[in-house]
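Here the structure comes first, spelled out in structure tokens, and everything after it is commentary.
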Amino acid sequence: MIPLMRIVLLLLFGITAFAQPRPLIGLGGIVHETNTFNPKKTTLADFATGIGGADGILRGKDVIELSTKANNTTAGFIYGAAKYGLDLYPTIIAGPQTMGTVLDSAFETLSAELIDRLRQAPKLDGILLFLHGAMVTESHPHADAEVVRRVRKAFGDTIPIVVVHDFHANISEEIVKLTTVLLTYKECPHLDARDAGVHAARIMADIVSGKVKPVQALVKPPMLLNILYHNTYAPPLLPITSESKRLEKNPNILAASVAGGYQYADVPAMGPSVVVVTDNDPALARREAERLGEMLWGMRSQMLLKAPAPAEAVRLAMTNGEWPVALMDAGDNIGGGSAGDSTFILTELLKQKASGWVVTISDPAAVQAALRAGVGGTFDMPVGGKTDNLHGDSVRIKGRVKGIHDGRFVEPAVRHGGGRYWDMGVSAVIEVEGSTPDMPNLLLLTPKRIIPFSLHQLISVGIYPERMKILVAKGTIAPRAAYEPVAAKIIEVDSGGVTGVNPARFDYKHIRPNLFGIK
Ligand SMILES: [Zn+2]
13 MIPLMRIVLL
23 LLFGITAFAQ
33 PRPLIGLGGI
43 VHETNTFNPK
53 KTTLADFATG
63 IGGADGILRG
73 KDVIELSTKA
83 NNTTAGFIYG
93 AAKYGLDLYP
103 TIIAGPQTMG
113 TVLDSAFETL
123 SAELIDRLRQ
133 APKLDGILLF
143 LHGAMVTESH
153 PHADAEVVRR
163 VRKAFGDTIP
173 IVVVHDFHAN
183 ISEEIVKLTT
193 VLLTYKECPH
203 LDARDAGVHA
213 ARIMADIVSG
223 KVKPVQALVK
233 PPMLLNILYH
243 NTYAPPLLPI
253 TSESKRLEKN
263 PNILAASVAG
273 GYQYADVPAM
283 GPSVVVVTDN
293 DPALARREAE
303 RLGEMLWGMR
313 SQMLLKAPAP
323 AEAVRLAMTN
333 GEWPVALMDA
343 GDNIGGGSAG
353 DSTFILTELL
363 KQKASGWVVT
373 ISDPAAVQAA
383 LRAGVGGTFD
393 MPVGGKTDNL
403 HGDSVRIKGR
413 VKGIHDGRFV
423 EPAVRHGGGR
433 YWDMGVSAVI
443 EVEGSTPDMP
453 NLLLLTPKRI
463 IPFSLHQLIS
473 VGIYPERMKI
483 LVAKGTIAPR
493 AAYEPVAAKI
503 IEVDSGGVTG
513 VNPARFDYKH
523 IRPNLFGIK
């Protein structure tokens, strides 16, 4: 009897131990980088559409099913949760999107749905949130903090809330107080979006198991860190990024983030930030945050604006001698919230009779005209410059419809932000007058704004980027991850537009006074 009882007891204990529930962690996010200078407000429908084939709004199990294979932050949460023994309760991931100020109605709907869905979970042990960090709504200049405030209010002061922000976050004291841990992408282009998700899941596992007690410190140097200098893979930012990584080798430092900030949001928190999170050592967090902040401040003399205007940039590209040259149309940085139909560089290419170029323009009416003409048909109509009055005039384009494509492509490699499945919408390639078979001038017309984060955008419509002379990408730093492997040279262009690199073009009203780098 006794041995039998022991076996029964062992089995019971064994089963109890085996059945010990894993911590359940709520997962959600509202992801928006808000360009407050863009006159077009962001609606709920804009969130649902997504951008450039990005996911739009994912709900419930779709959050897991559609993100697992990506290289984005949600994929990192999923992988990290499995690796560190957490169960996830997926709710809603809305975005990513970049456009004008978010309508209050859209924000209220999305934040209410996030909280409702979190409430439907059985008891949660923690909450992982993916928030861009630069969301502005009509009522909230730091809407990411407002999301966390609402989640805190609903779930109390003690539940761990770990937030991942994009590198372009504008971080406030408020959100640092509201979160248990805040960490950001380290890299720009953002090749570590997934790593940041894994990192957050690891910290969450250590918090819920009682292994660590995070405290965090924020430092904001009084400066604007111009987007021209956001490349973390090259000086002057590289040594600071490397130092933040080195700090994380210290077991007492749970995370050390240096965020570049987002200069197109006219809000008090605009500018770079350092957040250091330690295991219950506030002095260490403060000291290291201040040291990284001093490093940022110390590089300001290396950040003088130097970028050619479109005319000069096209001339430089034509005479470079090695091709292709990639021109970054910084003023029409779609990922930064612009229209995607700027014509400033296109106008110069035509005026200077450049050859072997490719430009992408978002213009649904022009796509329709190309569809009506059909492959091989004549194309003759004004293109671009139609969304607002900030991105140049429409340009009359004469040519031939070279191809019509369904616009879907896959980016298998890790590129900025980590997106995998893309959908441009049915798109057309126009061979513009003056083309030769060896050196065509190509206009890719898309119905939607497409962030140029993947060369498969061109390859999938039959354009060979390496054979062209001039590639125009509507972005500033982010497209580098896609274009550097083929480009002989990359030139950031000081083009006009709602994402121009020169802050003097913008009328700031709400930022902190006397920031270095504004004028
Ligand atoms: Zn970003």
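For the sequence shown, the working numbering assigns the number 13 to the initial residue and increments by one for each residue that follows.
For every residue, glycine included, the Cβ atom is placed at its ideal position computed from N, Cα and C.
What you are looking at is a predicted structure, and each value in this text was computed from that prediction instead of being measured.
Starting from residue i, trace the beta strand (DSSP E) in both directions and tell me its first and last residue.
i    : result
L237 : First-last for L237: undefined, no H or E at that position.
M393 : T390 to V395
L137 : According to the sequence as given, residue 137 is Asp; it is not Leu. Here D137 belongs to no beta strand (DSSP E), and DSSP marks it neither H nor E.
S269 : I265 to A271
E443 : S439 to V444
D369 : According to the sequence provided, residue 369 is Trp. The question's Asp does not apply to it. Counting along the chain, the beta strand (DSSP E) containing W369 begins and ends at W369 to S374.
I173 : I173 to H177
G38  : L36 to T46
E260 : Per DSSP, E260 belongs to no beta strand (DSSP E) and is neither H nor E.
V387 : No beta strand (DSSP E) contains V387, which DSSP labels as neither H nor E.
R71  : I69 to R71
I187 : Run containing I187: none in the beta strand (DSSP E); it sits in the alpha helix (DSSP H), E185 to L190.
Would you mind sorting residue i into buried or exposed? The rule is 16 or more other CB atoms within 10 Å of its CB.
i    : result
L358 : buried
A277 : buried
Q32  : exposed
V513 : buried
R408 : exposed
G222 : exposed
Q469 : buried
S254 : exposed
V160 : buried
Y197 : buried
E199 : buried
T80  : exposed
K486 : buried
R492 : buried
V334 : For clarity, residue 334 is Glu in the given sequence; the question names Val instead. By the 10 Å Cβ count, E334 comes out exposed.
Between residue i and the rest of its own chain, which residues show a CB-CB distance below 7 Å, the 5 nearest in sequence each way excluded?
i    : result
F518 : F49
D207 : G88
A217 : Y96, G97 and L98
R214 : G92 and Y96
T85  : F142, V176, A205, R206, A208 and G209
R298 : A229
In angstroms with no decimal places, state the Cα-to-Cα distance between residue i and residue j.
i    : j    : result
K165 : R131 : 12 Å
L122 : K365 : 48 Å
P515 : H242 : 15 Å
D116 : S151 : 7 Å
H177 : I76  : 19 Å
L316 : I183 : 24 Å
D128 : G40  : 11 Å
Y91  : V210 : 6 Å
P134 : P102 : 12 Å
I489 : G430 : 15 Å
L126 : R258 : 35 Å
D450 : K460 : 29 Å
L56  : F119 : 8 Å
P263 : R303 : 18 Å
G310 : L140 : 34 Å
I530 : V413 : 44 Å
T170 : E260 : 25 Å
I588 : S269 : No information on residue 588 is available, as it lies outside the stretch 13 to 531 that the chain covers here.
A385 : S472 : 21 Å
Within a Cβ cutoff of 8 Å, which residues of the same chain sit near residue i, ignoring the five residues on either side of it in sequence?
i    : result
H403 : G343, D344, S350, A351, D353, S354, T355, F356, G396, G397, G508, G509 and V510
G474 : K414, G415, H417 and V441
Take residue i and list the residues in its own chain whose beta-carbon comes closer than 6 Å to its own, dropping the five residues that flank it on each side.
i    : result
V289 : V193, P226, Q228, L266 and A267
F528 : M235 and R312
A494 : R427, F465, S466 and L467
G498 : Note that residue 498 is Val in the sequence shown here, rather than Gly. Result list for V498: P477 and E478, in chain order.
V371 : L358, L455 and V484
V305 : The question names Val, but residue 305 in the sequence shown is Gly. Closer than 6 Å at the Cβ level, and outside the excluded window around G305, lie V231, P233 and V286.
T244 : E199, C200 and T253
I need the boundaries of the alpha helix (DSSP H) containing residue i, first residue and last residue.
i    : result
K588 : Because the chain spans 13 through 531 in this model, residue 588 falls outside it and cannot be assessed.
A277 : Note, A277: premise wrong, no alpha helix (DSSP H); not H, not E.
R206 : A205 to V220
I127 : D116 to R131
L194 : No alpha helix (DSSP H) holds L194; the beta strand (DSSP E) holding it covers V193 to T196.
K363 : F356 to K363
M330 : P322 to M330
Opposite residue i in the DSSP bridges: which residues?
i    : result
H417 : S439
F465 : None, per the DSSP bridge assignment.
S507 : Answer is none; S507 lacks a bridge partner.
F528 : M235
R408 : P394
A94  : According to DSSP, which records beta bridges pairwise, A94 is partnered with nothing at all.
T54  : V114
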